[in-house]
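Asks:
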Amino acid sequence: MARVISIVNQKGGTGKSACTANLAVGLAQKNMKVLIVDADPKSDVSAVFGYRDCDDSNETLAALMDAVMKDEDIPSDCYIRHQAEGIDIICSNIGLAGTEVQLVNAMSREYVLKQ
23 MARVISIVNQ
33 KGGTGKSACT
43 ANLAVGLAQK
53 NMKVLIVDAD
63 PKSDVSAVFG
73 YRDCDDSNET
83 LAALMDAVMK
93 DEDIPSDCYI
103 RHQAEGIDII
113 CSNIGLAGTE
123 VQLVNAMSRE
133 YVLKQ
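Counting from 23, one number per residue, gives the positions in the sequence shown under the numbering used here.
(1) For the pair the stretch 76-92 and the stretch 113-124, tell me if three or more CB-CB distances fall below 8 Å.
(2) Which runs of the beta strand (DSSP E), 3 residues or longer, sit entirely within the stretch 63-122?
(3) Determine, using beta carbons only, whether I109 and F71 come nearer to each other than 8 Å.
(4) Where does V56 sit, in a helix, a strand or coil, going by DSSP?
(5) Count the other CB atoms within 10 Å of the CB of I27; is the residue buried (16 or more) or exposed (fewer)?
(6) Could you say which of A61, D60, A46 lies nearest to M54 if we only look at CA atoms?
(7) Taking the CB atoms as reference points, tell me whether N44 and K38 lie closer together than 8 Å.
(8) Could you tell me the alpha carbon to alpha carbon distance between L49 and I58, rounded to whole angstroms?
(9) What would DSSP say about A46, mapped onto helix, strand or coil?
(10) Beta carbon of L118, beta carbon of L83: below 8 Å?
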């Protein structure tokens with residue numbers, strides 16, 4: 023059974039990215055499947071795992087959420103990047119800030135991330 027662990031705080035500089043990265047590595051070392059969904063437009067967690075090129079990518083959380091809002095078909099593995107350490111990640115970029123604004127007017131916006 024899958025478990026979801028969310029690390030959230032509105033304030034910056036509280037250690038969310040470091041906690042997320044360390045928790046992910048620890049769980050992966052125990053042979054657990056780990057998927058990080060970087061939901062921060064600054065994309066610090068993506069950068070920790072070596073993905074600094076996400077600003078020019080169409081395979082980010084912002085693009086995924088945009089596709090869901092437009093009711094487009096989404097390939098199951100398209101947006102997930104795989105790490106050799108056993109950690110998968112859906113990267114973020116600055117485009118997520120615009121997606122947040124679009125969500126305000128979206129129908130059933132509370133289900134976009136769930137989908």
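For glycine and all other residues, C-beta sits at the position ideal for the given N, C-alpha and C.
Replies: On the basis of the data shown:
(1) yes
(2) Counting only runs of 3 or more, we get 109-112.
(3) Taking the sequence shown and counting its residues from 1, the one referred to as residue 109 is at position 87. Taking the sequence shown and counting its residues from 1, the one referred to as residue 71 is at position 49. Taking 8 Å as the Cβ cut-off, I109 and F71 qualify as a contacting pair.
(4) Position 34 of the sequence shown, counting from 1, holds the residue named residue 56. Reduced to three states, the DSSP call for V56 is strand.
(5) Within the sequence shown, residue 27 is the residue found at index 5, counting from 1. Exposed: under 16 other Cβ atoms inside 10 Å.
(6) Stepping through the sequence shown from its first residue, residue 54 is reached at position 32. Here the closest residue by C-alpha is A46.
(7) Along the sequence shown, one-based indexing puts residue 44 at 22. Along the sequence shown, one-based indexing puts residue 38 at 16. Taking 8 Å as the cut-off, the beta carbon of N44 is found no closer than this to the beta carbon of K38.
(8) The residue labelled residue 49 in the question sits at position 27 within the sequence shown. The residue labelled residue 58 in the question sits at position 36 within the sequence shown. Cα to Cα, the separation comes out at about 12 Å.
(9) Counting from 1 along the sequence shown, the entry for residue 46 is found at position 24. The answer is helix: DSSP assigns A46 an H, G or I state.
(10) In the sequence shown, residue 118 corresponds to position 96, counting from 1. In the sequence shown, residue 83 corresponds to position 61, counting from 1. Going by C-beta atoms, L118 is nearer than 8 Å to L83.
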